[in-house]
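Q: Below is one structure. I have some questions about it.
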Amino acid sequence: MKNHLNLSSSQLIKIFEEFMKKDIWIAGIARGHNASVCLLKNGEIVFSIEEERLSRRKWDGGPFAGMVKILDYTKKIDYLVVAHTHSLEHMDGKVDFTGDDVYTGMARKLGLIDQKADLWPHPQVIDVSYAHHKLHTACAFYRSGFENATGVVVDGAGTNIDVQLDDQETVIGWETETIFTCNYPAEFNTVYKHIGSCGPSLDRVVDNFPSNFYGEHNDDGTNKTHTALITEKAGIVKCYEAVTDYCGFSSIEAGKTMGLSPYGKSNDNIPKLFTTDSKFPTSNRNLIIPTYPNGAKVNNFVYTELNSKDSDDLTKLQNRRDLAYAVQKETQEQVLNLIIKASEITGNKNIVLSGGYGLNCVANYFYLTKLNELGINLYVEPISNDAGTAIGAALMIYKDIVKDNTVSNIDHNLYLGPIHSYTNKDIDDIAGKYNATVSDATHSDVIKLMTSKNIVANFQGRSENGPRALGNRSLMFDPTFKDGKDFVNMIKRREYFRPFAGSILEEDAHEWFDLRGMESSPTMMYAVNCQPGIEEKIPAIIHVDGTCRIQTVNREQNPHYYDIIKAFKEETGCPIIFNTSFNLGGEPLVETLDDAIWTLQQSDIEYLYLPEYNKLLTIRN
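The sequence shown begins at 17 in the numbering used here and counts up one residue at a time.
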């Protein structure tokens, strides 16, 4: 580059050094049903939150409230990094005059980026929507603590890809499973990809499929290639979505199918969901009909034994339960095989797992025994849904810009929501709006309420990122009550079969549960087996299959929550409390104190504990 300012080398070095001292602000946004915003300062997460927590609209698809929240921390950002499954240029509708997409237009309007920059595309906006699965694996890799790894993504339908067939016909496909090699600072190279399509009959493996679509090139500029399975068959998650739909849920409510599956059994009338005619997972096209890019359907017109008479609650029909059982059993086996295959192909024993299926805590526990035998180290990303792509996008661009090869420590911190602070007057004023009474309280007072069969909502600090509660936005209950599960499901307006979690003191976890070689489980990503004699002690949080989804808690991780559990142990002898998310059925988790008290007002929950302030709010409904 020419030195147009005629500066000396020492002067140029000084200018560069000054630039490096400057704070670098990067915002990542994820569009779609898990819309979210992540803000980085010098590569550290300032906050990360899903849009629905702020807008109070479940599955809210546009991260606009989250973008406004950026202004609480900085008035300017250096880059806006955009994640999704298709690029901004393919969006319908543009902002008048500038030609911006709506997100660039929003950032420009807020003053976060240069308002006078050239017309679209804006120089501060980096669109990485073309690499959906890469963003999933980037989020997992950077938070895993691994120096290098193999990334495995098992997802519904990611980036849409043009596939050129032998007859020169082009069809559109969508990525469903992907294997990557992962290295610092930002090297994610595709090794394998399953591309699903609704085009003409397809079922082929292409060994040298070009990777240039994902921006992957060799040092000499030539295109990298990967193995691609191109098929009209459904991917692993699509199979799960089809069964989820068949059971009467929305296709994105797969967690409900996971909860229902233990109520089922092996059924000879249900064909195998996957075939064995490929070394990679391929579904039974006669049973599961994909409808890319969204959803899939069970072919109950052919398999009439799956049909049933109409019912008010489809989940009480045994064929629904049996199919849920089958899809859980077969998909987790397919993912395990894919993980093993990924390790064999790359020669790397470090695996990071992400994508929507990464949230399947039953499957995550299933993998452990076999992977331990093979010496494979597994990290499952807690923010495996699409919200995590905002984090992955922001971190990948930051690492690439500054060439940061620093390996992060394994990141179990999910308390990443925006900071909310309240004075005593704020608490009194907000409580007054809802006719709630405010009183001083201690952990002991709260334990007395819980052991008297009261649900106590716990609200403190920053909200948890991802679809879980880890003590900061939690409903607490006594796990020893025999009918506790039915009672809380009724209060929360949830389905009868939905299980609950337990938060246990880390030092007691191994005495109560079989962690299969894990030291701890701080992010609640595993549904684990109980040790002998434990089930009858905590019936409210034991699922019908004898498992419990647990969160191990130490004092460093969450001091107030740890002390509450310890106080419960001192009172009852039980080192675990019943924990479920602070929301009602079909609603987002609460974010603010206003949200919390409003939720109490809409329910039969009477008590809200603020341990940071030693305050108890009571609403008599």
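Where a beta carbon is used, it is the ideal one built from N, C-alpha and C, also for glycine.
Nearest CA to the CA of ILE413: which residue from CYS155, LEU624 and LEU465?
A: CYS155
Q: What beta strand (DSSP E) runs, 3 residues minimum, are completely inside the region 132–180?
A: Correct list: 141–143, 164–170 and 176–180.
Q: Threshold first: 4 residues or longer. Then list the alpha helix (DSSP H) segments lying entirely within the region 401–431, N to C.
A: Runs of alpha helix (DSSP H) with 4 or more residues, each lying fully within the region 401–431, are found at 404–418, listed in chain order.
Q: I'd like to know if the region 176–190 and the region 131–142 are in contact, where contact means that at least 3 CB-CB pairs between them fall below 8 Å.
A: no
Q: For CYS377, I'd like the list of residues in its chain whose CB is within less than 6 Å of its CB, leaving aside the five on either flank, ordered along the chain.
A: Cβ neighbours of CYS377 within its own chain (closer than 6 Å, five residues either side excluded): MET541, TYR542, ALA543 and ARG565.
Q: Would DSSP call PRO575 helix, strand or coil?
A: helix
Q: Tell me where the beta strand (DSSP E) around CYS194 begins and ends.
A: As written in the sequence, residue 194 is Thr, which differs from the Cys given in the question. First-last of the beta strand (DSSP E) with THR194: 186–199.
Q: Using the rule of at least 16 other Cβ atoms within 10 Å of the residue's Cβ for burial, across every protein chain shown, is HIS233 buried or exposed?
A: exposed
Q: Exposed or buried, which one is THR186 when buried takes at least 16 other CB atoms within 10 Å?
A: exposed
Q: Using the C-alpha atoms, what's the distance from THR114 back to VAL84?
A: 20 Å
Q: Less than 7 Å between C-beta atoms, sequence neighbours within five positions excluded: which residues of the same chain meet that for HIS20?
A: Residue confidence for HIS20 is low, a pLDDT of 38 falling below 50, so the modelled location carries little weight; the figure read from the coordinates is stated next. Once the five neighbours on either side are set aside, HIS20 has no close Cβ partner at all.
Q: What is the DSSP secondary structure of ASN224, reduced to helix, strand or coil?
A: strand
Q: Alpha carbons only, please: which of GLU587, VAL253 and LEU632 is nearest the one belonging to PHE290?
A: VAL253
Q: Please state the DSSP three-state secondary structure of GLN567.
A: Secondary structure of GLN567 (DSSP, three-state): strand.
Q: What does the alpha-carbon distance come out to for the pair LYS18 and PHE225?
A: Summary for LYS18: the model assigns pLDDT 39, below 50, so the residue's position carries little reliability; its value from the coordinates is reported in the next sentence. About 40 Å.
Q: Keeping to the same chain, check which residues put their C-beta closer than 7 Å to that of ASP223; ignore five residues upstream and five downstream.
A: THR243
Q: For the putative contact between TYR577 and GLY487, defined by C-beta atoms under 8 Å, what is the C-beta separation to the nearest angstrom?
A: 3 Å
Q: Which stretch, first to last residue, makes up the alpha helix (DSSP H) that contains THR260?
A: For THR260, the enclosing alpha helix (DSSP H) begins and ends at 252–262.
Q: How close, in whole Å, do the beta carbons of LYS415 and GLY391 come, if the pair is a contact with beta carbons under 8 Å?
A: Not a contact, Cβ separation roughly 28 Å.
Q: Please state if the CB of LYS272 and the CB of THR260 are separated by a distance shorter than 8 Å.
A: yes
Q: Measuring straight from C-alpha to C-alpha, what distance separates SER277 and ASP338?
A: 7 Å
Q: So MET492 is in the alpha helix (DSSP H); what residue range does that whole segment cover?
A: Where MET492 is concerned, there is no enclosing alpha helix (DSSP H), although the beta strand (DSSP E) it sits in stretches over 489–493.
Q: Among LEU128, LYS38 and LEU465, which one has its Cα closest to the Cα of SER587?
A: Here residue 587 turns out to be Glu, not Ser, going by the sequence shown. Residue nearest to GLU587 within the set LEU128, LYS38 and LEU465 is LEU465 (criterion: CA-CA distance).
Q: Helix, strand or coil, according to DSSP, for PHE503 in the structure here?
A: helix
Q: Could you tell me the boundaries of the alpha helix (DSSP H) in which VAL343 lies?
A: 334–362
Q: Taking just the CA atoms, how far does VAL569 sit from ASP461?
A: 21 Å
Q: Would you give the residue range spanned by the alpha helix (DSSP H) that LEU387 belongs to?
A: 377–390
Q: Whole alpha helix (DSSP H) runs in the region 84–140 with 4 or more residues, listed along the chain?
A: 118–126
Q: Among GLY280, ASN302, GLU349 and THR175, whose alpha-carbon lies nearest the alpha-carbon of ARG336?
A: GLY280
Q: Leaving aside the five residues before and after TYR308 along the sequence, list all residues of the same chain whose C-beta is less than 7 Å from its C-beta, in chain order.
A: ALA173, TRP190, GLY212, SER213 and CYS214
Q: For ILE463, tell me which candidate among PRO495, TYR438 and ASP442 has the shortest Cα-Cα distance.
A: PRO495
Q: Label ALA123 either buried or exposed according to how many other C-beta atoms from any shown protein chain fall within 10 Å of its C-beta, with 16 as the threshold for buried.
A: buried
Q: For LEU432 and ASP39, what's the separation of their Cα atoms in angstroms?
A: When rounded, the distance between both Cα atoms is 20 Å.
Q: Would you call the region 491–510 and the region 588–595 touching, i.e. three or more CB-CB distances under 8 Å?
A: Three or more beta-carbon pairs drawn from the region 491–510 and the region 588–595 are found closer than 8 Å, and the two stretches are therefore classed as touching.
Q: Would TYR319 pass as a contact of LEU303 if the rule is Cβ separation under 8 Å?
A: yes
Q: If distances are taken between C-alpha atoms only, which option among PHE475, HIS106, GLN344 and HIS428 comes closest to PHE157?
A: HIS428
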